[in-house]
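Residue numbers (this note's numbering), protein chains in the order written: chain A, 1128 to 1519; chain B, 2 to 261.
A virtual CB, placed ideally from N, CA and C, is assigned to each residue, including glycine.
Since we're looking at a predicted model, the values are computed, not measured.
Right, one structure below, let's go through it.
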Ligand SMILES: Cc1ncc(COP(=O)(O)O)c(C=O)c1O
């Protein structure tokens, strides 16, 4: 098979992945986005910046993460399943990869304060962690509903010295936290850096966050080459909220024959059920009504409870380079338990979406017997114990 | 020249300061009575907000107004049908967010505005770099597309914005969302003055113009003011059209008699 003719390595200069992306923000934020764009290009081309980031990722945050063969589950399913263990990263998820990159960039730009939106709280905890590490004040916007269901992460953020601002508008989840963080940024651009938690937002964020997350895919590709006789897996799968762990994973495999599968939450599936729209500064697939009012998604996994998706995924979907599927809450909870008992790994509800799809795909034949599957386990499940306890 | 800009220039050239109130569309059954009362009270243009579920540039008051209108079942089509039935005697301009425009398609959206008798369009999350398709759609319907200049806008961009915008220049007085403020920052007047040196379009100041005193101060430098949250707070608190119009009349008075 030849390499697919899709080039998502870099968007256009105005931040387009095909028809998606761009920069749909108020005039007050355009110069700030321009400045982030210029600073990121310079930093990413600067070996000193890259080595400082590598140093922190390895010496502090726990890279590289292992690619763990899921021996017992593989045997049960009749496939070879490899888990890319982002759950082992400091703070408990892949979010820290991106945050350390952006926080170093913010520091290089002379900013003294970080703001972020968070859903599950994992990005908030990662940002609070980077703020503490680099001595920057941190404010995290979080929907009131998520504050209630992710109390542990709220307490972690506060322990790390961050301010957590409850958001009471709309569905009181990730979408509203993001809107509120953007409103706040307008008032504070002079000293404040907005640290987006996924491949979302105005250009250059979707591209920049993907670059900071591509370490997942780059590492996994090398590890898979060593672990698999064929060199590359047949299937690469990751969950998709905004799409950062999936985009980072896919980046390592775009030019291989591997099938790329992104798994959305049934109640928040912008790629599977959405239409073209503009939200939070970029054009992509969005869950909305016929007039363009944004829908309120519903997922047991707060990190996937978002009505949009990163523009790069909309582009990959249009070109058929990646396929996007959904699983429901019931399948997800079952997947958490199955993985826990088979492998001794309690993963996050978000990550369990990828596991649930593999479990189903083996029974439907979408994943053939004997196939090799590389799955990014984006985070660990500690934060979700209260949710799971309520269900048992 | 399109009808909105012809009007705003004529008012400005007569030596009258423009008063442009913002009213959220679809808020309550008789909401268009507020538009008529605003015109009666001396508004030169009335801005009609087409509410969006996620208004990124709006502060608490207009967020509340938008949520209330949507909760009451307001739709773009419904608001435009209401608008088509009134004639306030001054031009109306729609203010909304990009997603409502692009969902329908810029061409169809602009055609629907024109059919309803609306003469201008303001979309704060479509900055000048992204404006091309919308500009073309608006021009095809003789709608003026009003662009915003912010205190953060660098000098070269100001030139580009005043060149690409029409109707009037919407000068954002401060780095923030819409909402009432005790007074305008000093820098707002200086920005308006700088813009007037760049363009012959009327230059209006908005965001945080909350009182007669603020309107009078703004008009020392600008060709007029846009007033949103201060009116909408009263409307949300149950002000009748006559009461909200009464408030606007005090602003009219302040703009007409700068020396009082
Ligand atoms: C563990 C985990 N996985 C996945 C996600 C979804 O984000 P993304 O799609 O950007 O990877 C989140 C978001 O909070 C998360 O916490």
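Have a look at the DSSP bridge pairing and note the partners of residue i.
| i | result |
| --- | --- |
| residue 1365 (chain A) | A:1389 |
| residue 1293 (chain A) | A:1269 |
| residue 1403 (chain A) | A:1412 |
| residue 1320 (chain A) | A:1241 |
| residue 1506 (chain A) | A:1220 |
| residue 1144 (chain A) | A:1147 |
| residue 96 (chain B) | B:50, B:123 |
| residue 240 (chain B) | Per DSSP, none; premise fails for residue 240 (chain B). |
| residue 1500 (chain A) | A:1208, A:1362 |
| residue 112 (chain B) | According to DSSP, which records beta bridges pairwise, residue 112 (chain B) is partnered with nothing at all. |
| residue 1125 (chain A) | Since the displayed chain A opens at 1128 and closes at 1519, residue 1125 (chain A) lies outside it and no answer follows. |
| residue 1160 (chain A) | Partner(s): none; residue 1160 (chain A) has no beta bridge. |
| residue 1474 (chain A) | A:1507 |
For residue i, is the beta carbon positioned less than 6 angstroms from some heavy atom of ligand 1?
| i | result |
| --- | --- |
| residue 1225 (chain A) | no |
| residue 1430 (chain A) | yes |
| residue 1280 (chain A) | no |
| residue 1220 (chain A) | yes |
| residue 247 (chain B) | no |
| residue 1391 (chain A) | no |
| residue 1230 (chain A) | no |
| residue 1249 (chain A) | yes |
| residue 1189 (chain A) | no |
| residue 1259 (chain A) | no |
| residue 1506 (chain A) | yes |
| residue 1367 (chain A) | yes |
| residue 1379 (chain A) | no |
| residue 1371 (chain A) | yes |
| residue 244 (chain B) | no |
| residue 1148 (chain A) | no |
| residue 1475 (chain A) | yes |
| residue 1325 (chain A) | yes |
| residue 1246 (chain A) | yes |
Taking residue i as the reference, give the member of the options with the closest Cα.
| i | options | result |
| --- | --- | --- |
| residue 1485 (chain A) | A:1366, A:1270, A:1190 | A:1366 |
| residue 1436 (chain A) | A:1403, A:1457, A:1456, A:1460 | A:1403 |
| residue 126 (chain B) | B:229, B:58, B:244 | B:58 |
| residue 160 (chain B) | B:196, B:224, B:192 | B:196 |
| residue 1247 (chain A) | A:1488, A:1478, A:1519, A:1503 | A:1478 |
| residue 190 (chain B) | B:173, B:177, B:179, B:49 | B:173 |
| residue 1189 (chain A) | A:1218, A:1164, A:1179, A:1209 | A:1218 |
| residue 1354 (chain A) | A:1157, A:1137, A:1210 | A:1210 |
| residue 211 (chain B) | B:93, B:4, B:20 | B:20 |
| residue 1421 (chain A) | A:1205, A:1332, A:1297 | A:1297 |
| residue 1259 (chain A) | A:1268, A:1300, A:1242 | A:1242 |
| residue 257 (chain B) | B:54, B:224, B:152, B:23 | B:224 |
| residue 1461 (chain A) | A:1309, A:1482, A:1452 | A:1482 |
| residue 1278 (chain A) | A:1251, A:1303, A:1263 | A:1251 |
| residue 95 (chain B) | B:36, B:61, B:218 | B:36 |
| residue 1487 (chain A) | A:1205, A:1164, A:1177 | A:1205 |
| residue 85 (chain B) | B:97, B:99, B:74, B:114 | B:114 |
| residue 143 (chain B) | B:67, B:253, B:166 | B:166 |
| residue 1319 (chain A) | A:1347, A:1233, A:1302 | A:1233 |
| residue 1325 (chain A) | A:1213, A:1465, A:1519, A:1221 | A:1221 |
| residue 1137 (chain A) | A:1314, A:1223, A:1341, A:1280 | A:1341 |
| residue 76 (chain B) | B:226, B:25, B:154, B:193 | B:25 |
| residue 41 (chain B) | B:255, B:260, B:259, B:247 | B:247 |
| residue 1147 (chain A) | A:1333, A:1509, A:1295 | A:1333 |
Could you tell me which whole alpha helix (DSSP H) segments of length 4 or greater appear in the stretch 1166-1241 of chain A? 1174-1186, 1198-1204, 1222-1235
Which runs of the alpha helix (DSSP H), 4 residues or longer, sit entirely within the stretch 135-203 of chain B? 156-165, 187-199
In chain order, which alpha helix (DSSP H) runs of at least 4 residues are fully inside the stretch 1427-1458 of chain A? 1438-1445
Every unbroken alpha helix (DSSP H) inside the stretch 7-94 of chain B [4 residues or more]: 32-41, 61-72, 77-85
Quick check for students: name the residue ranges of the alpha helix (DSSP H) that lie wholly in the stretch 206-236 of chain B, counting only runs of 4 or more. 213-220
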